[in-house]
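Contents: one structure, followed by commentary.
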Amino acid sequence: MPLALLALAVGAFGIGTTEFVIMGLLPQIAADYGVTIPTAGLLVTGYALGVVIGAPLLTVLGTRVSRKTMLMGLMGLFVLGNLLSAFAPSFGMMLVGRVVASLAHGSFFGIGSVVAAGLVAPQKKAGAIALMFTGLTVANIVGVPLGTFIGQAVGWRTTFAIVAALGMIGLLGIAKLVPALPRPEGARLRGELTAFRNPQVLLAMAMTVLGFGGVFAAITYIAPMMTEVAGYADGAVTWLLVLFGIGMFLGNLLGGRYADRALMPMLYVTLGGLAVVLALFTVTAHNQALAAVTVFLVGALGFATVPPLQKRVLDHAHGAPTLASAVNIGAFNLGNALAAWLGGLVIAAGHGYTSPNWVGAVLAAAALGLAFWSAALERRTPAPAAAQAETGGAPAPTLVHH
């Protein structure tokens, strides 16, 4: 794998850290600004909405420049947003900083996925995408707990300043290691929008919303579930999230490895397994050991869907993958927001802290149904078009670097 993928992974590590570390620092931030915890929660909501909006917007603007230049600009925007957060004099400015940082999120992973896939041979595309996303998964194992510890011990502003420094390292790594890939011939907004005429692209995005939404339906409420139902101490939640991050890391690698061999069977196994595990979580949450194992499995099965779904979008975007890839990253965050809202509804209805697991199981099962539907449609696709979809319809060999 080219060293350029390491630079992309470093950028992904910084983005993953800033996205999730906020959850462990909300009490400190709320106290400093004199706002309530629910108000401070807008920093999470604002970030998610910024990803959904920024992914297509900045990707469209980036069609006029090279992908390397765009990646560098996105990391610069990410650094600016985190610096604004670190030195924000008011809660409103802090929220602005979060939104500015989030605007880079979707486009970075979307364009980075295209670049990563173009740096390797066609049969290694999913593995390259998975390697870039490894930065995001490692952030949940190392960056988030370490950032939370630093924020609680020294101050949350220090955490965001460190994340900004990580962004600068990622920017310099991209400038040094990512080759100056030419801007794709004929890259125009109209061409990028044609990808959304393909029902397979839309189905893959719907699977993304529902499948990863299933994960967040449960994980959003893991703290009250583990403390009130499983009986863990408050301090144990951090290490349970580390366990979840380890599952994400391993699932991402396995998903990338096997998606290159058998993409659709990989989706059947992971989405089906995720639905079953989430349903069982309503029972295993009552036992500490089984709950810990289940948290790991949710992370592993959930993130094992990321490389195959991202690759499927690239495969079916027919030579205009950049916007579709970025929008698919926004779809992950749309699924997060939708699932968290639905999980909150069932808890508010009095069904208990384990009830979001049933919501997640239903969402994952729905994603599995879409996977079977997608495969059935593909079997009816004429052979030449199917072959083109498998190769992505793009001149990948000209972008291979060893």
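Using my numbering, the letters of the sequence shown map in sequence onto residues 575 to 976.
From the three backbone atoms N, C-alpha and C, an ideal C-beta is built for every residue, glycine too.
ask   = Helix, strand or coil: how does DSSP classify H975 here?
value = Low per-residue confidence applies at H975: pLDDT is 33, beneath 50, and the placement is therefore not dependable, though the value from the model is reported in the following sentence. Coil, per DSSP.
inquiry  = Tell me the DSSP secondary structure of T928 in three-state form.
reply    = coil
message = For K750, count the other beta carbons within 10 Å of its own beta carbon; 16 or more makes it buried, fewer makes it exposed. Which is it?
response = exposed
message = Does D834 come out as helix, strand or coil in the three-state DSSP assignment?
response = coil
task = Could you name each continuous alpha helix (DSSP H) segment of 4 residues or more that falls completely within the region 697-739, going from the start of the chain to the end?
result = 699-712, 718-727
Residue from A853, Q602, V811 with nearest C-alpha to V728 = Of A853, Q602, V811, the smallest CA-CA separation from V728 is found for Q602.
task = Please classify T711: is it buried, with 16 or more other beta-carbons within 10 angstroms of its beta-carbon, or exposed?
result = buried
inquiry  = Quick check: the region 937-956 against the region 807-822, are at least 3 beta-carbon pairs closer than 8 Å?
reply    = no
message = Any heavy atom of the ligand SAM closer than 8 Å to the beta-carbon of G787?
response = With respect to the ligand SAM, the structure shown offers nothing to examine, as it has no ligands at all.
ask   = Cβ of G624 within 9 Å of Cβ of L677?
value = yes
message = Suppose you measure from the CA of G545 to the CA of N861; what does that come to, to the nearest Å?
response = The displayed coordinates of the chain run from 575 to 976. Any statement about residue 545 would go beyond what the structure contains.
ask   = In or out: A957 buried (at least 16 other Cβ within 10 Å) or exposed?
value = Residue confidence for A957 is low, a pLDDT of 44 falling below 50, so the modelled location carries little weight; the figure read from the coordinates is stated next. Answer is exposed; the Cβ neighbour count stays below 16.
key: Length of the line joining the Cα atoms of G876 and A836   = 17 Å
query = Any idea what DSSP makes of N907, helix, strand or coil?
reply = helix
ask   = Going by the CB atoms, is the gap between T733 and L599 shorter than 9 Å?
value = yes
ask   = Cα-Cα, which of A690, W813, G647 is closest to A704?
value = A690
query = From F661 to W730, what distance separates their C-alpha atoms?
reply = One C-alpha to the other measures close to 10 Å.
request  = Sort G588, N907, D889, A791 by Cα distance to M706 and report the nearest one.
outcome  = G588
message = Suppose you measure from the CA of A804 to the CA of L845; what does that come to, to the nearest Å?
response = Approximately 25 Å, taken between the alpha carbons.
key: Per-residue burial, G788 [other beta carbons within 10 Å of its own, 16 or more giving buried]   = buried
query = Just the Cα atoms here: how many angstroms apart are M838 and S687?
reply = 19 Å
Endpoints, alpha helix (DSSP H) assigned at P882 = 880-890
inquiry  = Restricting to runs no shorter than 4 residues, where is the alpha helix (DSSP H) found entirely within the region 604-642?
reply    = Taking 4 residues as the shortest admissible run, the region 604-642 contains the following complete alpha helix (DSSP H) segments, listed from N- to C-terminal end: 611-614, 616-635.
request  = Would you check if the distance between the CB atom of A614 and the CB atom of Y607 is smaller than 9 Å?
outcome  = yes
key: Between the CA atoms of L944 and G918 - distance to the nearest angstrom   = 25 Å
ask   = Given that a residue counts as buried once 16 or more other Cβ atoms are within 10 Å of its Cβ, and exposed if not, what is D808?
value = exposed
key: Inter-residue Cα distance where the pair is A961 and I715   = A caution first: A961 carries a pLDDT of 40, below 50, which makes its placement in the model unreliable, though a value can still be read off. Distance from the CA atom of A961 to the CA atom of I715, rounded to whole angstroms, is 39 Å.
ask   = Would you call the CB atoms of T619 and V901 closer than 9 Å?
value = no
query = Cα-Cα, which of S929, A581, G825 is closest to M840?
reply = G825
request  = With a cut-off of 8 Å on the beta carbons, I'd call A721 and G585 a contact; round off their distance for me.
outcome  = As written in the sequence, residue 721 is Gly, which differs from the Ala given in the question. That pair is no contact at about 16 Å.
key: Inter-residue spacing [alpha-carbon to alpha-carbon] between T858 and A866   = 9 Å
Among A914, R886, A810, nearest to A863 - alpha-carbon criterion = Per the Cα distances, A810.
request  = For the alpha helix (DSSP H) holding R672, just list the boundary residues, first then last.
outcome  = 665-692
query = Under the three-state reduction of DSSP, which class applies to T794: helix, strand or coil?
reply = T794: coil per DSSP, three-state reduction.
ask   = Measuring CA to CA, which of W915, E593, L693 is closest to G680?
value = Checked all of W915, E593, L693; the closest Cα to G680 is E593.
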